[in-house]
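Residue numbers (the numbering used here): 865 to 997.
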């Protein structure tokens with residue numbers, strides 16, 4: 865190899881290292897932001913999501929993305945009162961793992977009691993703090 869080629873290889877390697885360092889510092893600053901910290905604190909907690917069509921979903925918060933889509937595990941769906949006029953005590957529908965599109969989310973609340981072992985299917989056992997996100 866010539867000396868000029870070796871210099872190009874070194875400068876390329878130096879640029880890659882500089883870019884890695886700057887992207888690492890950006891990633892660290894994003895990971896330490898208050899919003900990310902708040903979301904991390906909600907991981908594996910019970911959330912209640914009210915949707916634009918009136919349905920309420922209650923499940924374990926597993927992840928979200930840049931578009932505010934949310935994935936809930938062990939999720940139950942509760943219909944709005946006007947849709948369940950015929951029955952006074954409508955049971956929730958068990959959905960399991962769900963992805964809730966961010967554009968349909970109206971409010972997100974967390975369970976203030978969040979003791980995972982004592983949960984039942986009734987919404988009355990939950991005590992939610994409004995608008996956590």
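By construction, the Cβ of each residue, glycine as well, lies at the ideal position given by its N, Cα and C atoms. No experiment lies behind these values; they were computed from the predicted model shown.
Identity of the residues DSSP links to residue i by a beta bridge
{"i": "residue 913", "result": "921 and 972"}
{"i": "residue 960", "result": "939"}
{"i": "residue 934", "result": "928 and 964"}
Given residue i as reference, the closest of the options once Cα atoms are compared
{"i": "residue 932", "options": "899, 975, 939 and 895", "result": "899"}
{"i": "residue 968", "options": "946, 919 and 926", "result": "919"}
{"i": "residue 914", "options": "977, 906 and 923", "result": "923"}
{"i": "residue 970", "options": "895, 911, 901 and 960", "result": "911"}
{"i": "residue 966", "options": "945, 896, 959 and 916", "result": "916"}
{"i": "residue 958", "options": "921, 930 and 945", "result": "921"}
Own chain residues within Cβ distance below 6 angstroms of residue i, not counting five before or after
{"i": "residue 934", "result": "928 and 964"}
{"i": "residue 999", "result": "Because the chain in this structure spans residues 865 to 997, residue 999 falls outside the shown range and cannot be described."}
{"i": "residue 945", "result": "none"}
{"i": "residue 897", "result": "none"}
{"i": "residue 983", "result": "Confidence at residue 983 is low in this model, with a pLDDT of 43, below 50, so its placement is unreliable and no value can be given for it."}
Integer-rounded CB distance, given that residue j should sit under 8 angstroms from residue i
{"i": "residue 956", "j": "residue 940", "result": "4 angstroms"}
{"i": "residue 906", "j": "residue 925", "result": "5 angstroms"}
{"i": "residue 975", "j": "residue 909", "result": "7 angstroms"}
Residue i CB to nearest heavy atom of the ligand GDP below 7 angstroms
{"i": "residue 966", "result": "Among the ligands in the structure shown, none appear at all, so the ligand GDP cannot be discussed."}
Own chain residues within Cβ distance below 8 angstroms of residue i, not counting five before or after
{"i": "residue 960", "result": "937, 938 and 939"}
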